[in-house]
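Heads up, the final residue of the sequence shown is numbered 368 in this note's numbering, and it's a clean run with no missing numbers.
Working notes for the structure below.
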Amino acid sequence: MKKLFILLITVALFSCSKQDGYKIKVKLEGAEGQVVLEEREGRQWIGIDTADVVDGVALLTGKVDMPTLYYLSVSGKRGKAFVFVENKNMEISGKVDSLQDIKVTGSVSHSEFAKLNKQLMKTQEAYMELYKKVRTTEDTAMVASLMKKLDKLEEASDSTQEDFVKNNPASYVTPLILQGIHYTKSATELEELISGLEPKIQETPIIVELKEKVEKLKKVAVGQPAPDFTQNDSDGNPVKFSDIYSKHELTLLDFWASWCGPCRAENPNVVAAYKHFKDKGFTVLGVSLDQKKEDWLQAIEKDGLTWMQVSDLAAWSNKAARLYEISSIPSNLLVDKNGKIIAKNKRGEELEKTIEAFLSK
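Below is the structure:
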């Protein structure tokens, strides 16, 4: 009886012990060759594991330090599917020609992510339908109306993701979601969201990086002096930001690019604000994140951007954008004649109201 009791304890301890690595059984209809597991790092694809497809099944094995988002693909086939991998026995099933519809079992993190993604996709589909109309509509009033609807969809998506972050402080999916929405947050808002996370989540690489981002954002927050910079205009002449804002009551520092759809859709609002307030002490300095000068100049002419424009044609490596911690566009700041940042990321009607309130003081 004593030996049996010891045996039962041993079995129980073994069955409850943490699995040392993951085993992923991949069964995709039509798959041949190899199944590939990769990680996205910046713009690079980093190989994690490969497995041969034998009798329609491939087995991926390895170990992760924490639940991690990887991408699954099949050699010779286009498309990748996201998979949150955990150190557990997992199964992936579906069809090789529709990886976006794969079914993943065995990963709690993946289930959390997939559920949230399903919600967001509905909003994304609605957004893209409206955006197509914006791009093909020349009626200014209609464009303005559609832009309001797009803004509401963006707000809804942001709210859904922020709620997930707040309600899942211990989830390993949360860092990825917070990384995706952090650019819509002020330094204070981002710091508050981070502080609400469990200690283990605050130690993940993404959150550590976002903490560093917070400290940088504090330096360009509302109320702080706007960092000065110099970039060339379209004729190659150097333009110093402080020479612009010191001569106007209020200056909009507008980060945009010809290739940025939302930027081009927002440009009519900036044009309207400029025409309305340019004789009352307001101006705009546009900073383009373009690489091709021809595209930049064509967009300026087509969108009727008659204010000063500068760029170093370095895309996301634009020095002014990096100075201001710009991680998404369109993005803007309102700066008074003393160089103080008084507002950030005001668009449409909100932009005009903010300008009017400041100039009427």
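The beta-carbon is built from N, C-alpha and C at its ideal position, and this holds for glycine as well.
**Report entry** Same chain only: Cβ atoms within 8 Å of Asn239, ignoring 5 sequence neighbours per side
**Finding:** Taken in chain order, the residues that qualify are Pro245, Val246, Val317, Ser318, Asp319.
Query raised in the report: Which residue from Lys220, Glu98, Phe262 puts its Cα closest to that of Leu67?
Result: Glu98
Query raised in the report: My guess is that Lys344 and His255 are in contact by the Cβ rule of under 8 Å, so how many angstroms apart are they, rounded?
Result: 6 Å
Report task. Inspect the CB distances between the stretch 223-239 and the stretch 280-291 and report whether three or more fall short of 8 Å. Result -> Output reads no: the stretch 280-291 does not touch the stretch 223-239.
Query raised in the report: Is the number of C-beta pairs between the stretch 59-74 and the stretch 127-147 that are closer than 8 Å three or more?
Result: Verdict: no, contact absent.
**Report entry** Residues near Ala19 in its chain [Cβ-Cβ closer than 7 Å; skip 5 each side]
**Finding:** Legend: pLDDT at Ala19 = 39, less than 50; position of this residue unreliable, value from coordinates given subsequently. Once the five neighbours on either side are set aside, Ala19 has no close Cβ partner at all.
Query raised in the report: Would you report the Cα separation of Gly230 and Glu222, rounded to the nearest angstrom?
Result: 15 Å
Query - Inter-stretch contact at 8 Å, needing at least 3 Cβ pairs: the stretch 68-79 / the stretch 153-164 - result: no
Query raised in the report: Within 10 angstroms of its Cβ, does Trp323 collect 16 or more other Cβ (buried), or is it exposed?
Result: exposed
Query raised in the report: Ends of the alpha helix (DSSP H) at Ser166?
Result: 147-174
**Report entry** C-beta atoms of Ser116 and Phe89 nearer than 7 Å
**Finding:** no
Query - Contact the stretch 293-310 vs the stretch 157-167: 3+ CB pairs below 8 Å - result: Touching, no, given that fewer than three Cβ pairs across the two stretches are closer than 8 Å.
Query raised in the report: What is the rounded straight-line gap between the Cα of Lys32 and the Cα of Glu162?
Result: 39 Å
Query raised in the report: Alpha carbon to alpha carbon, what distance is there between Glu198 and Lys225?
Result: 10 Å
Query raised in the report: Nearest to Glu136 by alpha carbon, out of Ser118, Asn124, Leu157?
Result: Ranking the options by Cα distance to Glu136, first place goes to Leu157.
Requested in this report: Measure the alpha-carbon distance for Ser114 versus Glu93 and round it to whole angstroms.
Outcome: 6 Å
Query raised in the report: So, helix, strand or coil for Asn276, using DSSP?
Result: It is helical.
**Report entry** Proximity to Val277 [Cα-Cα], best of Ile333, Ala58, Leu340
**Finding:** Leu340
Query raised in the report: Could you give the distance in angstroms between the alpha-carbon of Met315 and the alpha-carbon of Asp250?
Result: 12 Å
Query raised in the report: By a C-beta neighbour count over all protein chains shown, 10 Å radius and 16 as the cutoff for buried, is Met8 buried or exposed?
Result: With a pLDDT of 39 at Met8, under the threshold of 50, the modelled position of that residue is not reliable, and the figure given next carries that caveat. Under this definition Met8 is an exposed residue.
Report task. For Glu357, name the three-state secondary structure that DSSP assigns. Result -> helix
Query raised in the report: Is DSSP giving Ile213 helix, strand or coil here?
Result: helix
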